[in-house]
Amino acid sequence: MTSIECLAYIVNEIHSTVFATVDKHGNPITCTIDIMDYDEKGLYFLTARGKSFYDRLKNHSLIAFTGMKGQDTLSSIAVSVQGKVQEIGSDRLVSLFEKNSYMSEIYPTVESRNALTVFQIYEGTGEWFDLSKKPIERFSFSIGSCEENIHGYFVNEQCINCKLCYSKCPQKCIDYSTTPVQIIQKNCLHCGNCYEVCPVRAIEKR
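In structure tokens, the structure reads:
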């Protein structure tokens with residue numbers, strides 16, 4: 002999937018996310034926030050200026066959220082995003098209410114919406130994690146000018162192809178047909194079993 006397709010999935014399929022910010026003391030606080038729109042420039046949500054959530058966003062522009070869709074763990078897709086937000090005011094407010102009509106039940110009059118303001122997640126990285134597939138599937142994506150995060154476990158030239166890593170891998174996502182063996186990144190759980198059992202320390206954590 003492309004980055005824009007991931008953003009569309011967040012808005013249209015997940016929508017309600019668990020959003021993490023920090024308070025003035027640096028303590029983490031979570032709340033549920035609906036991600037209401039997207040475009041090639043990022044994701045959009047709104048809040049009221051009187052809320053403590055608004056204060057936290059203004060005091061510390063780094064945020065993170067996770068959303069999940071599925072009936073249970075093994076049918077779920079989880080998407081996580083970490084990034085930067087900026088307040089863009091009321092310019093998009095009418096559009097967000099048109100696309101999210103349920104908001105009119107919460108703020109029914111134009112006057113009641115005067116306290117609302119829109120934020121944009123304009124830069125960040127994300128990860129898609131699909132437990133409904135076997136083996137699992139994961140990949141990274143980016144928002145704005147950020148580059149995708151490359152992290153996980155990688156095999157270096159010290160590998161002796163002993164296959165011990167494969168025997169311990171719960172997803173069997175290690176290709177031992179070549180030396181060094183290759184970890185299939187899109188199917189890796191990042192559990193670290195291979196890293197712990199490698200007898201020659203050929204597996205690196207990045």
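Each number in my numbering corresponds to the 1-based position in the sequence shown with 1 added. Virtual Cβ for every residue (Gly too), placed ideally from N, Cα, C.
Please look up how many angstroms separate the CB atoms of residue i and residue j, rounded, as I've assumed it's under 8 Å.
i	j	result
residue 80	residue 15	6 Å
residue 138	residue 187	6 Å
residue 19	residue 54	The Cβ separation is near 13 Å, so there is no contact.
residue 93	residue 39	Actually they do not touch by this definition, with Cβ atoms about 11 Å apart.
residue 171	residue 203	So it is not a contact: roughly 19 Å between Cβ atoms.
residue 101	residue 35	7 Å
residue 98	residue 105	6 Å
Out of the options, which has the shortest C-alpha to C-alpha gap to residue i?
i	options	result
residue 61	77, 82, 29 and 39	29
residue 162	147, 90, 173 and 179	179
residue 96	82, 114 and 126	114
residue 11	22, 175, 43 and 198	43
residue 208	17, 48 and 7	As shown, the chain starts at 2 and ends at 207. That puts residue 208 outside it, with no answer to give.
residue 3	149, 88, 197 and 190	149
residue 13	197, 191, 27 and 68	68
residue 126	27, 193 and 141	141
residue 198	5, 160 and 73	160
residue 83	89, 63 and 75	63
residue 120	72, 146 and 48	48
residue 207	183, 151, 175 and 190	151
residue 146	41, 56 and 31	41
residue 27	58, 183 and 73	58
residue 52	116, 89 and 72	116
residue 9	144, 135 and 72	144
residue 56	196, 77, 175 and 88	88
residue 135	205, 31 and 77	77
Report buried or exposed for residue i, applying the criterion of at least 16 other Cβ atoms within 10 angstroms of its Cβ.
i	result
residue 123	buried
residue 37	buried
residue 201	exposed
residue 118	buried
residue 185	exposed
residue 208	Limits of the chain in this structure are 2 at one end and 207 at the other, which puts residue 208 out of reach.
residue 50	exposed
residue 5	exposed
residue 192	exposed
residue 226	Outside the shown range of the chain, which is 2 to 207, sits residue 226, and nothing can be said about it.
residue 75	exposed
Please confirm whether any heavy atom of the ligand NAD lies closer than 7 Å to the CB of residue i.
i	result
residue 107	For the ligand NAD, the structure offers nothing, since it holds no ligand at all.
Query raised in the report: With a cut-off of 8 Å, do at least 3 Cβ pairs link the region 151 to 158 to the region 101 to 110?
Result: Result no; under three Cβ-Cβ pairs closer than 8 Å.
Report task. Go through the region 120 to 165 residue by residue and report every complete run of the beta strand (DSSP E) that reaches 3 residues or more, in order. Result -> Entirely contained in the region 120 to 165, the beta strand (DSSP E) runs reaching 3 residues are, in chain order, 138 to 144 and 154 to 156.
Query raised in the report: Counting Cβ pairs, one atom from each stretch, are 3 or more of them under 8 Å apart for the region 115 to 134 and the region 165 to 179?
Result: The count of Cβ pairs closer than 8 Å, one atom from the region 115 to 134 and one from the region 165 to 179, stays below three, leaving the stretches out of contact.
Report task. Counting only runs of 3+ residues fully inside the region 56 to 121, write out the beta strand (DSSP E) ranges in chain order. Result -> Those beta strand (DSSP E) runs which fall completely within the region 56 to 121 and span 3+ residues are 63 to 70 and 78 to 90.
Query - Length-filtered (3 minimum) beta strand (DSSP E) runs lying within the region 165 to 194 - result: As far as the region 165 to 194 is concerned, it has no whole beta strand (DSSP E) run of at least 3 residues.
**Report entry** Secondary structure, beta strand (DSSP E): runs of 3+ residues fully inside the region 21 to 57
**Finding:** If one requires a minimum length of 3 residues, the beta strand (DSSP E) runs lying completely within the region 21 to 57 are 29 to 35, 38 to 40 and 43 to 49, in chain order.
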